[in-house]
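Comments concern the structure below.
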Amino acid sequence: MYIKRNESGQVVQVSREATAECREFVPPSSPELQSFVSEEGDAENLALSKSDLAFVRVLEDVINVLMDKGVLSFTDLPEPAQQKLMERQSLRKRRNSVGLMSDSDDDTI
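If you read the sequence shown in full-length UniProt numbering, its first letter stands for residue 1, the second for the next number, and so on.
Have a look at this one:
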């Protein structure tokens, strides 16, 4: 693997092939390379998790709109999806009923 370092010597970019930016070769087992890849993966996983949470709310809203317009019936959904949707709606109602959120708030982080 080829890496690029910043001014303080930390790995900031990785490439499988030598490039204009990544010229220094390090073995894939290099501890600093493993650390960099792990940190990058953690940041990406966190971003993906946050995106997933926001997207769940979007899907819930889409399902509700489709049901309100009569395009989709609740019973059209598979049983596991019905249960998850009911659990989520129940959790949101309980959360709203104790004054933690206003009606315009959403579940995003």
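Beta carbons: idealized from backbone N, C-alpha and C, even for Gly.
Asked                                                                                                                              : Found
Round the Cβ separation of V37 and I3 to the nearest angstrom and send it over; I've been treating them as touching at under 8 Å.  : Contact doesn't hold; Cβ gap of about 11 Å is too wide.
Check for me: the beta strand (DSSP E) holding R5 runs from which residue to which?                                                : Y2 to R5
Select from D42, M1, E32 and P31 the residue whose C-alpha is nearest the C-alpha of C22.                                          : M1
Quick check: what's the CA-CA separation for M67 versus K84?                                                                       : 16 Å
Please report how far the alpha carbon of residue 110 lies from the alpha carbon of E39, in whole angstroms.                       : This structure gives no information on residue 110, because the portion of the chain shown stretches from 1 to 109.
Alpha carbons only, please: which of A43, V14 and A20 is nearest the one belonging to S30?                                         : V14
To which residues of the same chain is D52 closer than 8 Å at the C-beta, ignoring the five residues directly before and after it? : none
Could you compute how far the alpha carbon of A18 sits from the alpha carbon of V12?                                               : 15 Å
Can you give me the C-alpha to C-alpha distance between E32 and L48, rounded to a whole angstrom?                                  : 24 Å
Could you have a look at Q13 and say whether DSSP puts it in helix, strand or coil?                                                : strand
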